[in-house]
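Chemist: Quick one: this structure, given as structure tokens, is what I'll be asking you about.
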Amino acid sequence: MIILMFRVYWQGIYFDGNEAFRESLFYIVSFMSTTGVTLDDGAADVHDFDKFFVFMMALTGGCMGSVTGGFKLIRVIVLIKITAAEIRKTIHPRMMTAIRVGDTPVPMRIVGRILGYFFLALMTMFICATVLSFAGATFSEAVAMSVSCLSTVGNLPGLCDASNFIALSPFGKVACIVILVVGRLEVFALLIAVASIRIRRRKSDW
């Protein structure tokens with residue numbers, strides 16, 4: 047928030063420090079909670095740094111257990127700690143390290159699940175972007191719309207808005223509906239539901 051506040055103040059977007067603070071706090075809460083509410087339609091005036099910042103906040107999402115979309119903040123923290131631990135192991139191969147969040151060690155099975163979810167989420171985003179590109183969206187629009195739907199955030203200022211979704215073909219709009227459902231349920235939950243249905247069908251065939 048401090049980085050965003052100083053950027054909008056330094057660029058002269060808001061000359062009042064209090065206003066810069068309020069605007070920055072509003073956008074951070076709006077997009078990390080994946081509410082997606084914006085204060086104006088000035089998408090053309092959005093700086094590239096702001097676009098990247100909003101994009102990353104929509105990807106990250108809120109806290110675990112909340113109804114927000116995105117990857118969830120605690121998973122991002124654990125991923126950063128995993129990366130730092132692997133760097134330390136590379137430098138000191140005999141070092142024994144444990145992934146901790148605060149004073150609580152993270153079990154390896156949880157670490158494995160987070161890594162699996164991370165790569166599954168990336169693969170899902172890639173597939174969704176490919177489908178939207180096939181539906182007529184450009185590369186940047188397809189990536190932005192796939193993140194927008196998977197995180198259920200709605201518009202991403204300067205990246206995609208309602209006009210981009212309106213311009214899609216009927217196939218693209220149906221694809222966005224499916225992507226929204228996948229993002230709302232999360233990929234793991236959807237796969238578990240599909241797997242349970244298949245298991246029940248196999249049992250009924252026996």
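Using my numbering, read the sequence shown as starting at 47 and increasing by one per residue. Idealized CB from N, CA, C, for every residue including glycine. Here the structure is a predicted model, which means the values were calculated and not measured.
Considering only residues of the same chain and omitting the five flanking positions on each side of S197, which have a CB-CB separation below 7 angstroms?
Modeler: T80, A104, L105, G107, G115, G116 and G229
Chemist: Let's test the definition: count the other Cβ atoms within 10 Å of the Cβ of C206 and tell me whether it reaches 16, buried, or not, exposed.
Modeler: buried
Chemist: Can you name, in chain order, every residue of its own chain whose Cβ lies under 6 angstroms from the Cβ of S76, other than the five neighbours on each side?
Modeler: V83.
Chemist: State yes or no: is the C-beta of V157 within less than 8 angstroms of the C-beta of V199?
Modeler: Taking 8 angstroms as the Cβ cut-off, V157 and V199 do not qualify as a contacting pair.
Chemist: Once the 5 residues before and after T170 are set aside, which same chain residues still bring their CB inside 6 angstroms of it?
Modeler: V233
Chemist: Following the continuous alpha helix (DSSP H) through N210, name the residue where it begins and the one where it ends.
Modeler: A208 to I212
Chemist: Give the DSSP-derived three-state secondary structure of T184 in the structure shown.
Modeler: coil
Chemist: Helix, strand or coil for L202? Go by DSSP, reduced to three states.
Modeler: strand
Chemist: Let me know if R121 comes out buried or exposed under the rule of 16 or more other beta-carbons within 10 Å of its beta-carbon.
Modeler: buried
Chemist: Kindly indicate which three-state DSSP category R146 falls into: helix, strand or coil?
Modeler: strand
Chemist: Name the DSSP beta bridge partners of P151, please?
Modeler: R146
Chemist: Are the beta-carbon atoms of A131 and T143 separated by less than 8 angstroms?
Modeler: Cβ atoms of A131 and T143: closer than 8 angstroms.
Chemist: At which residues does the alpha helix (DSSP H) containing I95 begin and terminate?
Modeler: Residue identity check: residue 95 is Phe in the sequence provided, not Ile. Looking at the DSSP string, the run of the alpha helix (DSSP H) that includes F95 is D94 to T106.
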